[in-house]
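Enquirer:
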Amino acid sequence: MKVILLADIKGVGKKDQVINASDGYARNYLFPKKLAIEANNENMLKLKAKQNGIEYKKNVEKEEAIKLANKLKEITLQIKVKAGENGKIFGGVTAKEIAENLKNQYNIEIDKKKINLTETIKTLGNTTVDIKLYEGVVGKLNVSLGTFPKETY
Numbered sequence: 000m001k002v003i004l005l006a007d008i009k010g011v012g013k014k015d016q017v018i019n020a021s022d023g024y025a026r027n028y029l030f031p032k033k034l035a036i037e038a039n040n041e042n043m044l045k046l047k048a049k050q051n052g053i054e055y056k057k058n059v060e061k062e063e064a065i066k067l068a069n070k071l072k073e074i075t076l077q078i079k080v081k082a083g084e085n086g087k088i089f090g091g092v093t094a095k096e097i098a099e100n101l102k103n104q105y106n107i108e109i110d111k112k113k114i115n116l117t118e119t120i121k122t123l124g125n126t127t128v129d130i131k132l133y134e135g136v137v138g139k140l141n142v143s144l145g146t147f148p149k150e151t152y
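Position 109, counted from 1, in the sequence shown is what numbering that gives the first Met the number 0 calls 108; the numbers after and before it change by one each time, with no gaps.
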């Protein structure tokens, strides 16, 4: 008997998967515990509509991520930092600071966890930072670090 799973079942299958189950297993275990429903025409159409809705939502999110990646490519984020005379920064610029400055300067909200920094930026000048926006979509952001005038510290 073909059934549509309503929950993940270890060793059997994942949610919304259509599987073949024995009649006794389906009627005596899966149906009473509401872990599955029979895969008749009505239920198959509902499942197909649900999957189409999920696919459409993913496509829309990916298109938005691509637009944001193109927008980020054109931006040069300027961050002011304190630095010594040899060009070394006191401390470093972290993903959190990049996310905050991006929100303040361009009103673009990006989670700091999506900013891919192997280590903090510790030198003045331009640096390119990768930002993972969506599955398979990575944006490149130029970050330019400059110093405060001496009288401000």
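Beta carbons are placed, not taken as given, at the ideal position from N, Cα and C, and that holds for glycine.
Every value quoted in this text rests on a predicted model; they were computed, and no experiment measured them.
#1: Could you tell me whether the Cβ atoms of VAL2 and ALA38 are closer together than 8 angstroms?
#2: In terms of residue numbering, what span does the alpha helix (DSSP H) encompassing ASN69 cover?
#3: By how many angstroms is the C-alpha of LYS47 removed from the C-alpha of ASN40?
#4: Could you tell me the alpha carbon to alpha carbon distance between GLU118 and THR93, rounded to whole angstroms?
#5: Given LYS13, which residues of its chain have a CB within under 8 angstroms of its CB, disregarding the five upstream and five downstream residues?
#6: Measuring CA to CA, which of LYS87, VAL136, GLY145 is closest to THR122?
#7: Find out if the Cβ-Cβ distance for the pair LYS111, LYS95 is shorter than 8 angstroms.
#8: Pull up the CB-CB distance for GLY124 and LEU140, whole angstroms please, since I reckon it's below 8 angstroms.
#9: How long is the line joining the alpha carbons of TYR152 and ASN100, rounded to whole angstroms?
#10: Considering only C-alpha positions, which residue in the set GLU108, ILE120, THR146 is nearest to LEU132?
#11: Roughly how many whole angstroms lie between the Cα atoms of ALA68 and LYS81?
Expert: According to the structure shown:
#1: yes
#2: 40-73
#3: 10 angstroms
#4: 8 angstroms
#5: LEU4, ASP7
#6: LYS87
#7: yes
#8: With 8 angstroms as the limit, GLY124 and LEU140 do not qualify as a contact, their Cβ atoms being about 15 angstroms apart.
#9: Interpretation of TYR152 is limited by its pLDDT of 42, a score under 50 that renders its predicted location unreliable; the figure taken from the coordinates is listed afterwards. Roughly 20 angstroms between the two C-alpha positions.
#10: GLU108
#11: 29 angstroms
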